[in-house]
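Following: one structure in structure tokens, then a few remarks.
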Amino acid sequence: MASINRGAELMAADPDSVFQSLDNGNSPLELLMIGCTQEEAARCASALRNHGQPVRLESTETAEGLMRLLETEPADLVTVNADSPILPAERAIEMVRAENPSAAIILLSENPPQWAEFAREMELRDLLHSISIGRLVFAIQREYQTLLLREELARTRTNLENAEARFRKLFIGSRDAIAYIHEGLHIQCNPVYSELFGLAVDEAAGLTMIDLVAPEDRDRLKKFLKKARHNDQRAEDVLFRHRTGSTFRADMELSPAEVNGEGCVQVVIQANEPIEALQARIDELIDRDPHTSLLHRHAFLRSLEALQTREGIPANGLLLGVSIDNFPDLSDEEGMEVADRLLERSAQILGEHLGDALLSRFGEHEFLAFMQTSTAPNEIAAQCLRALQAGELRRQCGLAQEPEFSLSVMSTKHARDLSIHEIIHRCRRAARHARQKRDFNDDPISVFNDIGLSPDAVDDVDSQIVSLIDEALEHDKFRLLYQPIVSLEGDTREDYAIYVRLLDAEGTEREPAWFYRHADQAERLAEIDRWVIRRAIRELAQHRAQGKKVNFHITLSREGALDDSMLLWVCDCLREFRAKGAWLYFQFDYALLREHPPALLRLAEDLRKINCKISCNAIPPDFSDYSLLSLYGVEIARFTPELSADLATDHVRRHRLKALNSELQRQNIRTVATCIENANTLAALWNIGINYVQGYFLQEPTPSIAPQES
């Protein structure tokens, strides 16, 4: 970019009057300048600030520097120096648009007419003389306003889509019978409405509302429909006709509505004579896994909890677990379509074999069933094994290899005093033993009975604390806290570390030090991780929907990190709340990375595939294994608190931290200093060049997110 000087600010109109007409607010403009020197970029930033526009500016003159900046954050607003001898304009524009096709790009040149045709072909936002800083500032502010409008439009569209999705979910999942009527004809209706009248899913389309009312009430209904075009109406004790010819009475609420721009009437029917079979069907629709039609995890747990509350777990109860252990490998090697057929066919076989048992899809490739039986647990498992073998799953599903199953059984004869989570934990423990003892060469299906297992070595575990944990998982008695991770480089994104607290019997918030060991020994850490992930993603999605650039840093326990169903849980939560993986950092302890567990490497790779980022916690003073961080794709390294202690007086420690920080940053890994407790430490970290800081001196963990102040 050619030299920029303030003396060259020449505009046809008074620039101040133009700039004052633009309401930029207080939000900083994020600008990327390509092909200019840092000095030239600083002049532009100064000009913007002089006109009341806060700015966060990045600049680069090389392709390597541009790639590094784009990897950190795709650029929205960009200037490109067409006269750069180092980085051709066409190449720079291609790189920017590869990361963000909608980026607003302004081309600068000492000879604009020479580049006019190029600017038109590339569909650039503007072409300016490189010495006209006044016009450049005006163009940048104009494009910034356009960007803000685009973002507001995108938020509005997202809000509309979310509202439509919420409406659709409520409409389909409602326990009331709801339909929309236009000129007397059904436009759409929900499953409960179809069930109420005995209609097939699409059968209501084309039927008139009058067809579903007994002859003696039709004139009355016509009057209500006519009035409901303008005002809410309520018709009580209307006599309706079922498809079978039988009749029933119900109250009906009518109100004006609009569907796809057409005026219509919303009809809500609340039967006065509830049909038990219909109500059972409604509950079934709500609680089923859409892929297998089995109960989903939450519905299964809720059913067992209700049984336990109502009458206690029966002594003749039996919990049966079935896991398709090589399902992930089958998905990778033979494709998801084939693996899904295996899942669906396995669910069908289990459903047919187990009959009235309470059967669920409990995990990605795991089924759990509860039944009451006098048959011995081993015999139940053997019968289930024979049913799976008779299903010829390899041939039926077109598999290249046999599916590998683990079966586990647990009698509830001595489980009346156990929580549902503990009962399920013991059954899944049996499944783990089944996997460990399987001889893959002899039998792809193994069975293990929980009765034969020796008790866990948990003599020092407080059973009351474990009960509190189970209650918190069942009734949302954990709490999230947020602590800001503050940038020392002026980064406008807001990063927060996520912490969890447990409410005890008196409602007091307990830190992990109080319950972590007990949760670990009782194998509850992965379940706590799931709770934290879901709640954190829900909170994060709400802030992102408001336009805030918020990222969350979530630490996974060892148990959670090695849980092969954790990725599915993350994906499900991202889909549920329409969140993006790029908003999340998952933190793993350095000590765990050093163990090289294959499950952790797979999880890290898969998390990166959905754009989540990896962070390494507790980098010690003697750290030297930089290749390990590269193996896991670590983007942020967090130093242990001891590396931040007494930096103002301990020159050896300061020198060591500076060396570690420099080498990590050289490998494109950003750094975080933790447990900052005073201003002297903060000043020392600034001089060392640490990227981020975190600690009670800046802000203690709080139950809500507050705007960060730099």
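Under this note's numbering, residues 72 to 781 are what the sequence shown spells out, in order.
Using N, Cα and C, we set each Cβ at its ideal position, and we do this for glycine too.
Endpoints, beta strand (DSSP E) assigned at residue 684: 684 to 690
* **Local conformation of residue 295 per DSSP, three classes** => helix
Between the alpha carbons of residue 467 and residue 422, how many angstroms are there, rounded?
17 Å
Margin query: Can you look up residue 380 in the DSSP assignment and give me helix, strand or coil?
Written below: helix
Can you tell me where the alpha helix (DSSP H) holding residue 625 begins and where it ends?
Premise fails: residue 625 lies in the beta strand (DSSP E), 621 to 626, not in any alpha helix (DSSP H).
contact_flag[the stretch 135 to 150, the stretch 99 to 118] where n(CB pairs < 8 Å) is 3 or more: Yes, they touch.
| query | Taking the continuous beta strand (DSSP E) assigned at residue 249, which residues delimit it? | reply | 248 to 253
*Which residues in the same chain as residue 812 place their Cβ atom closer than 7 Å to its Cβ, once the five residues preceding and following it in sequence are excluded?*
The question about residue 812 has no answer, for the chain in this structure spans 72 to 781.
Have a look at the DSSP bridge pairing and note the partners of residue 549.
573
Out of 583, 418, 558 and 234, point me to the one whose CA is closest to residue 707's CA.
-> 558
(Q) Excluding the 5 residues flanking residue 100 on each side, which residues of the same chain have their C-beta closer than 6 Å to its C-beta? (A) Residues 124, 126 and 215 of the same chain have their beta carbon placed closer than 6 Å to that of residue 100, with the five preceding and five following residues left out of the count.
Exercise. Would the stretch 467 to 480 and the stretch 405 to 417 be scored as touching if the rule is three or more Cβ pairs under 8 Å?
Worked result: yes
Task: Between the CA atoms of residue 379 and residue 371 - distance to the nearest angstrom - done: 12 Å
TODO: State the CB to CB distance for the pair residue 631 and residue 597, rounded to an integer number of angstroms; the pair is presumed to be in contact (CB under 8 Å).
DONE: That belief holds up - the Cβ atoms of residue 631 and residue 597 are roughly 4 Å apart, short of 8 Å.
- [ ] Please confirm whether residue 388 and residue 437 have their CB atoms less than 8 Å apart.
- [x] no
field: Where residue 567 falls: helix, strand or coil (DSSP)
entry: strand
Can you tell me where the beta strand (DSSP E) with residue 694 in it begins and where it stops?
That residue, residue 694, is in no beta strand (DSSP E); it is neither H nor E in DSSP.
For the alpha helix (DSSP H) that contains residue 99, what are its first and last residues?
Segment: none, residue 99 is in no alpha helix (DSSP H) and carries neither H nor E.
- Please name the residue in 679, 240 and 711 whose C-alpha comes closest to that of residue 689. 711
What are the start and end residues of each continuous alpha helix (DSSP H) run of 4 or more residues lying completely inside the stretch 397 to 425, in chain order? 398 to 405 and 407 to 425
Exercise for review: Return the first residue and the last residue of the alpha helix (DSSP H) that residue 363 is part of.
Suggested key: No alpha helix (DSSP H) holds residue 363; DSSP gives it neither H nor E.
What does residue 555 pair with, by DSSP beta-bridge criteria?
-> 567
Tell me whether the stretch 307 to 321 and the stretch 261 to 269 touch, counting them as touching only if at least three CB pairs, one residue from each stretch, are closer than 8 Å. When Cβ pairs closer than 8 Å are counted between the two stretches, the stretch 307 to 321 is seen to touch the stretch 261 to 269, the count reaching three or more.
Residue 130 versus residue 755: straight-line alpha-carbon distance, rounded:
Taking the straight line from one Cα to the other gives about 27 Å.
Item to complete: Using only alpha-carbon positions, find the residue among 304, 187 and 147 that is nearest to residue 169.
Response: For the set 304, 187 and 147, the Cα lying nearest the Cα of residue 169 is the one of 147.
Would the beta-carbon of residue 674 fall within 8 Å of that of residue 718? no
Next on the checklist: Whole angstroms are fine: how far does the CA of residue 479 sit from the CA of residue 540?
Outcome noted: About 24 Å.
At a cut of 8 Å, does the stretch 576 to 583 reach the stretch 608 to 617 through at least three beta carbon pairs? no
Under a three-way DSSP split, which group does residue 434 fall into?
-> Residue 434 falls in the strand class under three-state DSSP.
*residue 603 to residue 624, Cα distance in whole Å?*
11 Å
_Please report the straight-line C-alpha distance between residue 32 and residue 222, rounded to a whole angstrom._
Past the edges of the chain, shown from 72 to 781, lies residue 32, and the structure says nothing about it.
message = I believe residue 328 touches residue 251 by the beta-carbon criterion, under 8 Å. Please report the beta-carbon distance rounded to the nearest angstrom.
response = 6 Å
Pick helix, strand or coil for residue 483, following the three-state DSSP scheme. coil
Distance check for residue 150 and residue 693, CA to CA, integer angstroms please. 44 Å
Next item on the list: Give me the Cβ distance between residue 769 and residue 555, rounded to the nearest whole Å; I'm assuming they're in contact under 8 Å.
Entry: 7 Å
Using DSSP bridges, identify the partner residues of residue 677. For residue 677, which the question treats as bridged, DSSP gives no partner whatsoever.
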